[in-house]
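Following: one structure in structure tokens, then a few remarks.
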Amino acid sequence: MFKKYDHSHQMSCDLLYIDEQSFNDIPYSAEELSMRLKKNTHYNIYIQYIKDVPVGYIGLLEVQNPHYSGIWIDLIAVCKQYQNQGIAKHMLELVIKKFKNKGITLSTALVRENNAPSLCVFKKLGYKEEADAFKLLCLDKI
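Read in my numbering, the sequence shown has 46 at position 65, and its numbers run on one by one without any break.
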């Protein structure tokens, strides 16, 4: 089952569970997480369940600008015990299909250079590294 995050306490706990089993870097309680995510109506999270157990999630930002309609995929997390089973690829395929049906024409992804498993999944689905790609610039404290 693949469900859109609804900001409920249960789904917030599910996100935190997946994070604990993967990146382990969300520093918020379920309530704080829900309140933070409610503020951005263009950011979507979808959670993958297997037999009602949360096993992964994908986070993306819907972008509409003068140049294109697209999605920016910025997070894919899969619980360690479910990694290397095609779950990330499956979630990406579902998201691409869903947004293609909504008229989205471009999908981009932010992936750390040292994250070989994620790079492999994206490349399997046709994503390409661009030689003239933009540089990601960050300002940590504003």
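From the three backbone atoms N, C-alpha and C, an ideal C-beta is built for every residue, glycine too.
{"Check": "Would you please state the rounded distance, in angstroms, between the beta carbons of Leu106 and Leu73? I believe it to be under 8 Å.", "Outcome": "6 Å"}
{"Check": "I'd like the span of the beta strand (DSSP E) that includes Pro35, first residue to last.", "Outcome": "Val34 to Gln45"}
{"Check": "Across the region 7 to 20 and the region 60 to 77, are there enough close Cβ pairs to call them in contact, namely three or more that are closer than 8 Å?", "Outcome": "no"}
{"Check": "Ends of the alpha helix (DSSP H) at Asn82?", "Outcome": "Ile68 to Asn82"}
{"Check": "Check whether the region 23 to 38 and the region 84 to 93 are in contact - that is, three or more C-beta pairs closer than 8 Å.", "Outcome": "no"}
{"Check": "State yes or no: is the C-beta of Gly51 within less than 7 Å of the C-beta of Ile77?", "Outcome": "no"}
{"Check": "Helix, strand or coil, according to DSSP, for Ala97 in the structure here?", "Outcome": "helix"}
{"Check": "Under the rule that 16 or more other beta-carbon atoms within 10 Å means buried, what is Cys60, buried or exposed?", "Outcome": "buried"}
{"Check": "In chain order, what residues of the same chain have a beta carbon less than 6 Å from the beta carbon of Tyr(-2), not counting five sequence neighbours either side?", "Outcome": "Pro35"}
{"Check": "Which runs of the alpha helix (DSSP H) at least 4 residues long sit entirely within the region 5 to 33? Give them in chain order.", "Outcome": "11 to 19"}
{"Check": "Run through DSSP, which three-state label would Val102 get?", "Outcome": "helix"}
{"Check": "Going along the chain, which residues of its own chain have a beta-carbon closer than 8 Å to the beta-carbon of Glu111, five neighbours each way excluded?", "Outcome": "none"}
{"Check": "Which residues does DSSP pair with Phe(-17) in a beta bridge?", "Outcome": "Gln29"}
{"Check": "Beta-carbon separation of Trp53 and Thr89 under 7 Å?", "Outcome": "yes"}
{"Check": "Run through the DSSP bridge pairs and tell me what Gly51 is partnered with.", "Outcome": "Val44 and Leu87"}
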